[in-house]
Amino acid sequence: MIRLHHVPQARSFRILWLLEELGLPFEVAEHSFFDKSLRTPDYLALSPAGRVPALEIDGRRLFESGAITQYLCEREGALLGAPAERADWLEWLHFAETIAVHVANLTQQHIVLREDWMRSPTVMRLEAARLAKTLEVVERGLAGDHLLPSGFSAVDIAVSYGAMIGQRFVSLDPLPGLRDWLARLSDRPAFARAVVRDGVAQIYTRDFYPAPEG
Ligand SMILES: N[C@@H](CCC(=O)N[C@@H](CS)C(=O)NCC(=O)O)C(=O)O
Numbered sequence: 001m002i003r004l005h006h007v008p009q010a011r012s013f014r015i016l017w018l019l020e021e022l023g024l025p026f027e028v029a030e031h032s033f034f035d036k037s038l039r040t041p042d043y044l045a046l047s048p049a050g051r052v053p054a055l056e057i058d059g060r061r062l063f064e065s066g067a068i069t070q071y072l073c074e075r076e077g078a079l080l081g082a083p084a085e086r087a088d089w090l091e092w093l094h095f096a097e098t099i100a101v102h103v104a105n106l107t108q109q110h111i112v113l114r115e116d117w118m119r120s121p122t123v124m125r126l127e128a129a130r131l132a133k134t135l136e137v138v139e140r141g142l143a144g145d146h147l148l149p150s151g152f153s154a155v156d157i158a159v160s161y162g163a164m165i166g167q168r169f170v171s172l173d174p175l176p177g178l179r180d181w182l183a184r185l186s187d188r189p190a191f192a193r194a195v196v197r198d199g200v201a202q203i204y205t206r207d208f209y210p211a212p213e214g
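So the sequence shown is numbered by UniProt numbering: it starts at 1 and just counts up by one.
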């Protein structure tokens, strides 16, 4: 049985959604950022930096959502795009982390650092501006309804996760193409099933976290 180690709303949602799209049977082991469960020796044996996602599959463990995405798609021969789109597929898969790093920095500033004196308004503004730039790249890069001309693929999942969470930090109003793409993805039955299995929100409890005025 495939087992996904997951924290609700975290990057592991990418793999939860991908597994639903691939139609694979799997179980979810839910963790929390707030109870030290990612720092136990048992968990560190699965994910040495204590991060999610981690996946137990084929008698081994895998960490890094990009590697897990590629492994699952190659294993199943699905959601890889057309052969001629291989380089674009890889580029988008890794660009997903360029977006996610800004989301992670903003999450740290707005949510993980609990006291105002710990936060940097400059970093919050800078990271929001840099996140917005990465989302502009996605808006410009959309090839019709999805990221690849051949249609929906796993890179739509990888990249859109950053935009879905990112919209809690930057407005998508200037990016109508990206908003429409997110709406199309949200209509997918596998996405709806993944949302049901995601668990109770524990990281993002507000719709929007504005950057402090400069
Ligand atoms: N590049 C890694 C990043 C994994 C990562 O940092 N995940 C976050 C959640 S979005 C995490 O587990 N944070 C827990 C921590 O930093 O202690 C991936 O895509 O899998």
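C-beta atoms are modelled at their ideal positions from N, C-alpha and C, and glycine is treated no differently.
None of these values were measured; they are calculated from a predicted model.
So, helix, strand or coil for F208, using DSSP?
In the three-state reduction of the DSSP assignment, F208 falls in the coil class.
Any heavy atom of ligand 1 inside 7 Å of the beta-carbon of R61?
Incorrect: R61 has no Cβ contact closer than 7 Å to ligand 1.
Using three-state DSSP, classify I203 as helix, strand or coil.
Here I203 sits in coil by DSSP.
Cβ neighbours of Y209 in the same chain (closer than 8 Å, five flanking residues each side left out)
If we look at Y209 and ignore the five residues flanking it on each side, its Cβ neighbours are L106, H110, I111, R168, F169.
Going residue by residue through the region 160-202, where are the continuous alpha helix (DSSP H) segments of at least 4 residues, counting only ones entirely within it?
Runs of the alpha helix (DSSP H) inside the region 160-202: 176-186, 189-198.
Integer-rounded CB distance, given that A211 should sit under 8 Å from R130:
Between A211 and R130 the Cβ distance is about 11 Å, and since that is not below 8 Å, they are no contact.
So Q4 and F26 are supposed to be a Cβ contact under 8 Å. How far apart are they, rounded?
First, the residue type needs correcting, since residue 4 is Leu and not Gln in the sequence shown. In this structure L4 is in contact with F26, their Cβ atoms being roughly 6 Å apart against a cut-off of 8 Å.
Is the beta carbon of G66 closer than 8 Å to that of E97?
Between E97 and G66, the C-beta spacing is below 8 Å.
Am I right that L72 and L148 are in contact with their C-beta atoms under 8 Å? What's the rounded C-beta distance?
Contact between L72 and L148 is ruled out by a C-beta separation of about 17 Å, above the 8 Å threshold.
Check the C-beta distance from R14 over to A158 and give it rounded, since I have them as a contact under 8 Å.
Right, their Cβ atoms sit about 6 Å apart.
Would you report the Cα separation of V137 and W92, rounded to the nearest angstrom?
For V137 and W92, the distance between alpha carbons rounds to 11 Å.
Where does R60 fall in DSSP's three states?
It is a strand residue.
Can you name the residues that DSSP bridges to I2?
Answer is F26, bridged to I2.
Residue closest to A194, alpha-carbon to alpha-carbon, out of L16, I2, M1, V7:
Per the Cα distances, L16.
Whose C-alpha, out of R11, A154, G162, A84, is nearest the C-alpha of R75?
Ranked by how close their Cα comes to the Cα of R75, the residues R11, A154, G162, A84 have A154 in first place.
Closer than 5 Å from C-beta to any heavy atom of ligand 1: which residues, in chain order?
Taken from the N-terminal end onward, the list reads A10, R11, R51, V52, E64, S65.
Would DSSP call H31 helix, strand or coil?
In this structure, H31 counts as coil in the three-state DSSP scheme.
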